Amino acid sequence: MSGTIRGAVLTCENLVEIQNVFKTRPLRIVDIEMIKDIGLFSLESIGSTEVEMLNYLTCTRRKGPLQGLDECGIFSIFLHGSEVPDWFCHKSSMGDFELSITIPPHRNLKIRGLNACVVYAQAQGKVRDERLGLYSGVPSLHISNETKGLKWTYVPVTIGFPKEKEHMLWLSHWRFANDELEGGDEIRVSVRGEIPVIEEYDMLTKEFGIQVVYEQNNNEGTVTEDIATMFQHETTTPSSQNQVVAGDVSALASRFHKNNKNKVGEYFICNHDEDSHLWRVT
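First residue of the sequence shown? That's 1 in full-length UniProt numbering, and the numbers climb one at a time after it.
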């Protein structure tokens, strides 16, 4: 993103969208299909919940109802919670900072995408322990397809800001449309602090989990990898242009491709960097 745009939006706490960059909307106007894709089946229990959001692009904090973030084909929700939900089939264990799975093939099911859940909290001082996989800073997700040589790193433009001694969940749905993920592929996922910030805004990952999302070939609905949490629903069509609908990660991430002969197939998705932070570490 150009410095001109960053300068224009700096300290703008009411910013909710930059065209072709990101969009945030209250969950009540988000496409219900996306809500189900990410694993939230009922919003009744969390409908009145408020979350303080920290925007790394505008350098502002704002409290309000739960928001959906659509950025580069990745849909995210931030809400209070201290554990990865049970419906995530693969979870990190204590001390692990990376998960590696081989996607099981399913007959008559095409992979729609990948869900990830990250549990994080405010870091109590800087943490840099590579052996334990503990990294503080702006939380980022790293997803790589070792079989196909593809890698995506995502640093969201805004995150939920947890209170002191509390935890936050980052739920995200990555939609892939061009067979980037297929049965038999080896997938690795890790969470790290990508950009250092001052202590007040430093986050530390506690645990994370992932799940594969499949789409039935007859378009009747979507199923997750965990049979116990499978669900079926009619595909819905957005009734308003204000509704958030995720696109294809690879197509929308093309401008973030690393133009290096040694980085073919690698994408670093970040609409902000340390130079745009008023609170960055110097």
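Positions of the beta carbon are idealized from the N, C-alpha and C atoms, including for glycine.
Keep in mind it's a predicted model, so treat the numbers as computed, not measured.
Practice task
Could you have a look at Gly7 and say whether DSSP puts it in helix, strand or coil?
Solution key: In the sequence shown, the residue the question calls residue 7 occupies position 7. Gly7: helix per DSSP, three-state reduction.
Practice task
For Ser172, I'd like the list of residues in its chain whose CB is within less than 6 Å of its CB, leaving aside the five on either flank, ordered along the chain.
Solution key: Here residue 172 is taken as the residue at index 172 of the sequence shown, counted from 1. Only Ile74, Ser76 and Ala116 meet the Cβ criterion.
Practice task
Ignore the nearest five residues each way along the sequence and tell me which others in Pro105's own chain have a CB closer than 7 Å to its CB.
Solution key: Here residue 105 refers to the residue found at position 105 of the sequence shown. Once the five neighbours on either side are set aside, the close Cβ partners of Pro105 are Gly183 and Gly184.
Problem - Cβ-based burial, Arg175 [other Cβ within 10 Å; buried from 16] - result: In the sequence shown, counting from the first residue as 1, residue 175 sits at position 175. Residue burial annotation: Arg175 is buried, with at least 16 other C-beta atoms found within 10 angstroms of its C-beta.
Exercise for the section: Alpha carbon to alpha carbon, how far is Arg107 from Val127? Give it in angstroms, no decimals. Expected result: Indexing the sequence shown from 1 puts residue 127 at position 127. Indexing the sequence shown from 1 puts residue 107 at position 107. For Val127, the predicted model reports a pLDDT of 47, less than 50, meaning its position is unreliable and no value from the coordinates is stated.
Practice task
Determine the burial state of Glu17: buried for a count of at least 16 other Cβ atoms within 10 Å of its Cβ, exposed for fewer.
Solution key: In the sequence shown, residue 17 corresponds to position 17, counting from 1. Per the 10 Å Cβ criterion, exposed.
Problem - Member of Phe268, Ile5, Gly81 and Gln122 whose CA lies at the smallest distance from the CA of Leu150 - result: What you label residue 150 is simply residue 150 of the sequence shown in a count that begins at 1. With distances taken between Cα atoms, Leu150 lies closest to Phe268.
Handout entry: Element boundaries [alpha helix (DSSP H), containing Lys123]
Key = Here residue 123 corresponds to residue number 123 of the sequence shown, with the count starting at 1. The amino acid occupying residue 123 in the given sequence is Ala; Lys does not appear at that position. Looking at the DSSP string, Ala123 is not in any alpha helix (DSSP H), and its letter there is neither H nor E.
Handout entry: Every unbroken beta strand (DSSP E) within the region 15-99, with a cutoff of 3 residues, ordered by chain
Key = 22-26, 50-55, 60-65, 67-71 and 74-80
Practice task
Measure the beta-carbon distance from Val212 to Leu114 and round it to whole angstroms, keeping in mind my assumption that it falls under 8 Å.
Solution key: For this step, residue 212 is matched to residue 212 along the sequence shown. For this step, residue 114 is matched to residue 114 along the sequence shown. The Cβ separation is near 6 Å, so the contact holds.
Problem - Beta-bridge partners of Asn178, as assigned by DSSP - result: Position 178 of the sequence shown, counted from the start, is the residue given in the question as residue 178. According to DSSP, Asn178 bridges with nothing at all.
Handout entry: Candidates Thr205, Lys165, Ala253 and Ile101: closest to Val189 by CA position
Key = Counting from 1 along the sequence shown, the entry for residue 189 is found at position 189. Taking only the C-alpha atoms, the option nearest Val189 is Ile101.
Practice task
Report all residues from its chain with a CB closer than 8 Å to the CB of Gly7; omit the five preceding and five following residues, and keep chain order.
Solution key: In the sequence shown, counting from the first residue as 1, residue 7 sits at position 7. Taken in chain order, the list of residues that qualify is empty.
Handout entry: Span of the beta strand (DSSP E) around Ser140
Key = In the sequence shown, counting from the first residue as 1, residue 140 sits at position 140. Looking at the DSSP string, the run of the beta strand (DSSP E) that includes Ser140 is Pro139 to Asn145.
Problem - Range of the contiguous beta strand (DSSP E) that encloses Val155 - result: To locate residue 155, count along the sequence shown from 1; it is residue 155. Where Val155 is concerned, the enclosing beta strand (DSSP E) stretches over Leu150 to Val155.
Practice task
Can you say whether Cys12 is buried or exposed, counting buried as having 16 or more other CB atoms within 10 angstroms of its CB?
Solution key: Residue mapping note: residue 12 aligns to position 12 of the sequence shown, counting from 1. The residue is exposed, with fewer than 16 neighbouring Cβ atoms inside 10 Å.
Handout entry: Spatial distance of Asp179 from Thr147 (CA atoms)
Key = By one-based count along the sequence shown, residue 179 stands at place 179. By one-based count along the sequence shown, residue 147 stands at place 147. Computed Cα separation, rounded: 12 Å.
Practice task
Mind checking which residues open and close the beta strand (DSSP E) that includes Gly183?
Solution key: Looking up residue 183 in the sequence shown gives position 183. Careful: Gly183 lies outside any beta strand (DSSP E) and carries neither H nor E.
Problem - Neighbourhood of Leu252 by C-beta, 8 Å cutoff - its chain only, sequence neighbours within 5 removed - result: To locate residue 252, count along the sequence shown from 1; it is residue 252. Cβ neighbours of Leu252 beyond the five flanking positions: Cys72 and Gly73.
Exercise for the section: Identify, in the order they occur along the chain, each residue of the same chain with its Cβ nearer than 8 Å to the Cβ of Arg62, setting aside the five sequence neighbours on each side. Expected result: In the sequence shown, residue 62 corresponds to position 62, counting from 1. Only Glu13, Asn14, Glu52, Met53 and Asn55 meet the Cβ criterion.
Handout entry: Beta-carbon gap between Leu69 and Leu79 smaller than 8 Å
Key = Along the sequence shown, one-based indexing puts residue 69 at 69. Along the sequence shown, one-based indexing puts residue 79 at 79. No Cβ-Cβ contact shorter than 8 Å links Leu69 with Leu79.
Problem - Cα-Cα separation between Pro162 and Phe88, rounded to whole angstroms - result: The sequence position of residue 162 within the sequence shown is 162, counting from 1. The sequence position of residue 88 within the sequence shown is 88, counting from 1. Between Pro162 and Phe88, the C-alpha separation is close to 22 Å.
Exercise for the section: With distances taken Cα to Cα, identify the nearest neighbour of Leu10 among Ser250, Leu57 and Lys206. Expected result: Taking the first residue of the sequence shown as position 1, residue 10 is located at position 10. Selected option, being the one with the closest Cα: Leu57.
Handout entry: Contact set for Gly81: own chain, Cβ-Cβ below 6 Å, skip 5 residues either direction
Key = Start at 1 with the first residue of the sequence shown, and residue 81 comes out as number 81. For Gly81, where only same-chain residues beyond five positions count, the Cβ hits under 6 Å are Leu169.
Exercise for the section: Reducing DSSP to helix, strand and coil, say where Arg107 ends up. Expected result: For the purposes of this step, residue 107 is identified with residue 107 of the sequence shown, where counting begins at 1. DSSP, read as helix, strand or coil, puts Arg107 in coil.
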